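S.K.: What follows is a structure written as structure tokens; I'll ask about it next.
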Amino acid sequence: MAAKTESRVIVVTSGKGGVGKTTSTANIGAGLARMGYKVVLIDTDIGLRNLDILMGLENRIVYNIVDVVEDRCKLAQALVKDKRMPNLCLLPAAQTRDKSALTPEQMQSVVTELKKEHDFILIDSPAGIEQGFQNAVAAASEAIVVATPEMSSVRDADRIIGLLETKEEIKHYKLILNRVRPDMMKTNDMMDVDDVLEILSVRLLGIIPEDQNIIISTNRGEPVVLREGDKMPKATLAYRNIASRISGEDIPFLDFDTPVPWMEKVKNLFRFGAA
Amino acid sequence: MLTSPQNPNQSKLIQWWNELFQKLSSPLAPVGLDKNNPESGTAKDDAKNRLKLVLMHDRTELSPSLLEDMRDELVQVISKYVEIDQTALDLCLEQESNTIALVANISVVRARSEVL
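Going down the list, the sequences are from chains Y and G.
Per the working numbering, the very first residue in the first sequence carries number 179; after that it's consecutive.
Per the working numbering, the very first residue in the second sequence carries number 49; after that it's consecutive.
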């Protein structure tokens, strides 16, 4: 990449836990690195770190972000280089401390330092709206809100959006709708993408289908976005598209068409008949 | 409707058929049986309607109990001027595009002669 442009600092947040913040951070980061950008991922979930596991870097951690702010090491020493791409690295959270070990001001100074060397700084926020969230948001100028099409997740996302609105530093935010089930949406058993967008009145960054490949990838410590080959998982394509959209490309949203559920039911009927 | 299963497989089939029959015969019939919301139909609509209501309260930070307090005070104030049907006073939050409105529906019996 030629002369370095202004780095972008993006926080990935959701309010509710378990909706895919860390998975999204890992995949968007790896997706952007795959495109050639210099990317650093920051895990701000002090005490409950997991981004290292998703990246497959859990055995390489020596220092963490709390060691950096408490001057036990240099920032460069704490950065864990990705084993696949040299332009991707991770700043891990401390596992044995709590959220009060870090302040918003310390986050800002760490990020200011990281901006010198990186195009994208992705900050993985912990669940909740307390100090961990405040730390994660403190240094960011953009936000990605992750939600699933479930009531509790959408409600918490609405709360997070309300809080993001009060943060002057956050210039804009967009939604990733995760764990989308086209089959259940078709049968009106679940809110669809438009329903969630209408309720939250938010702009869409991407749609990730429910995909068992995400679990397989997590188990292998390799973000699903990095899968190659002809039979690429839908989630791989979805995360690649999100990375491209963040970099400024105009990519249409995927249409996850699945077989008509009624047909499946009819097939099941025949299976019963044969038994 | 089919009844009296002969074996487990058949009973599953009957259950499935009855569910199918129900869906086909009344696609808009309430499945969640949400009594507060006669319009509710599919699980998706239930989720949307319940969520919209919850979010209105979240966004205004008005809990149902606070709304109830307000309702009682409103009854007192309005009753000073007009005789109202207190049981018919309905106070609720409504979403109109981007704004949330506090809507009171009050049925007036008659004006109080002493204030005229």
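Built from N, CA and C at the ideal position, the CB exists for glycine as well.
Just so it is clear, the structure is predicted and the values come from calculations on it, not from any experiment.
Along the beta strand (DSSP E) that carries Glu142/G, what are the first and last residues, could you check?
M.R.: 138-144 is the span of the beta strand (DSSP E), which, as asked, contains Glu142/G.
S.K.: Is Val79/G close to chain Y? Criterion is C-beta to C-beta, closer than 7 Å.
M.R.: In this prediction, Val79/G has a pLDDT of 46, which is less than 50 and means its spatial position is unreliable; what the coordinates show is noted afterwards. It does not; no Cβ of chain Y falls within 7 Å.
S.K.: Which class does Leu76/G belong to by DSSP, given the choice of helix, strand or coil?
M.R.: Confidence at Leu76/G is low in this model, with a pLDDT of 47, below 50, so its placement is unreliable and no value can be given for it.
S.K.: Kindly list, in the order they appear in chain Y, the residues whose Cβ is closer than 9 Å to that of Arg98/G.
M.R.: Neighbours of Arg98/G on chain Y, chain order: Met329.
S.K.: Using beta carbons (cut-off 7 Å, strictly below), is Ala91/G in contact with chain Y?
M.R.: So, interface residue.
S.K.: Taking the continuous beta strand (DSSP E) assigned at Glu320/Y, which residues delimit it?
M.R.: It spans 320-325 - the beta strand (DSSP E) in which Glu320/Y sits, taken as one unbroken run.
S.K.: With DSSP as the reference, label Glu346/Y as helix, strand or coil.
M.R.: Reduced to three states, the DSSP call for Glu346/Y is coil.
S.K.: Are Pro387/Y and Ala208/Y closer than 7 Å when you measure CB to CB?
M.R.: No, the Cβ-Cβ distance between Pro387/Y and Ala208/Y is not below 7 Å.
S.K.: Tell me, please, whether the segment 308-328 of chain Y touches the segment 346-357 of chain Y by the rule of three or more beta-carbon pairs shorter than 8 Å.
M.R.: Because the criterion of three Cβ pairs below 8 Å is met, the segment 308-328 of chain Y and the segment 346-357 of chain Y touch.
S.K.: One question on the structure: do Pro327/Y and Met285/Y come within less than 7 Å of each other, judged by their Cβ atoms?
M.R.: Contact flag unset, no.
S.K.: What residue from Glu427/Y, Tyr215/Y, Glu236/Y, Leu375/Y has the CA that sits closest to Arg398/Y's CA?
M.R.: The shortest Cα separation from Arg398/Y among Glu427/Y, Tyr215/Y, Glu236/Y, Leu375/Y belongs to Glu236/Y.
S.K.: Can you list, in chain order, the residues of its chain with a C-beta nearer than 8 Å to that of Ile339/Y? Leave out the 5 residues immediately preceding and following it.
M.R.: Cβ within range, chain order: Val323, Tyr351, Leu378, Val380.
S.K.: Quick one: what does DSSP say Gly384/Y is sitting in, helix, strand or coil?
M.R.: Strand.
S.K.: Answer with buried or exposed for Ile224/Y, where buried requires no fewer than 16 other C-beta atoms within 10 angstroms of its C-beta.
M.R.: Buried, by the Cβ-count rule.
S.K.: Just list the residues that DSSP pairs Val151/G with in beta bridges.
M.R.: DSSP output for Val151/G lists Cys140/G as bridge partner(s).
S.K.: With DSSP collapsed to three states, give me the class of Val332/Y.
M.R.: Val332/Y falls in the helix class under three-state DSSP.
S.K.: Would Leu141/G and Met104/G be called neighbours here (beta carbons separated by less than 7 Å)?
M.R.: Cβ distance < 7 Å, so Leu141/G and Met104/G count as in contact.
S.K.: Measuring CB to CB, does Thr222/Y end up less than 7 Å from Ile301/Y?
M.R.: Yes, the pair counts as a contact, with Cβ atoms nearer than the cut-off.
S.K.: Does the beta-carbon distance from Leu280/Y to Asn242/Y come in below 7 Å?
M.R.: Against a cut-off of 7 Å, the Cβ pair of Asn242/Y and Leu280/Y comes out as no contact.
S.K.: Mapping the DSSP letters down to three states, classify Asp120/G as helix, strand or coil.
M.R.: Correct three-state label for Asp120/G: helix.
S.K.: What does DSSP give as the partner residue(s) for Tyr351/Y in the beta ladder?
M.R.: Paired residues: Ala321/Y.
S.K.: Got a sec: is the Cβ-Cβ distance from Ala95/G to anything in chain Y below 7 Å?
M.R.: At least one chain Y Cβ lies under 7 Å of Ala95/G.
S.K.: In terms of residue numbering, what span does the alpha helix (DSSP H) encompassing Ile236/Y cover?
M.R.: It is worth fixing the name first, because residue 236/Y is Glu in this sequence and not Ile. It is not in any alpha helix (DSSP H) - Glu236/Y carries neither H nor E in the DSSP assignment.
S.K.: Counting only Cβ-Cβ distances shorter than 7 Å, please list the residues of the segment 304-333 of chain Y near chain G, keeping chain order.
M.R.: Within the segment 304-333 of chain Y, the qualifying residues are Met329, Val332, Arg333.
S.K.: Would Ser360/Y and Asn391/Y qualify as a contact pair, given that the criterion is a beta-carbon distance under 7 Å?
M.R.: Checking the sequence, you will find Pro at residue 360/Y rather than Ser. Their beta carbons are not under 7 Å apart, which means Pro360/Y does not touch Asn391/Y by this criterion.
S.K.: Please state if the CB of Asp230/Y and the CB of Pro270/Y are separated by a distance shorter than 7 Å.
M.R.: Cβ distance < 7 Å, so Pro270/Y and Asp230/Y count as in contact.
S.K.: Between which two residues does the alpha helix (DSSP H) harbouring Arg423/Y extend?
M.R.: Here the alpha helix (DSSP H) through Arg423/Y covers 412-424.
S.K.: Given that Val102/G touches chain A, what residues does it touch there, using C-beta distances under 7 Å?
M.R.: No chain A appears in this structure, whose protein chains are Y and G.
S.K.: Out of curiosity, what's the CA-to-CA distance linking Gly214/Y and Ala91/G?
M.R.: Distance between the alpha carbons of Gly214/Y and Ala91/G: 44 Å.
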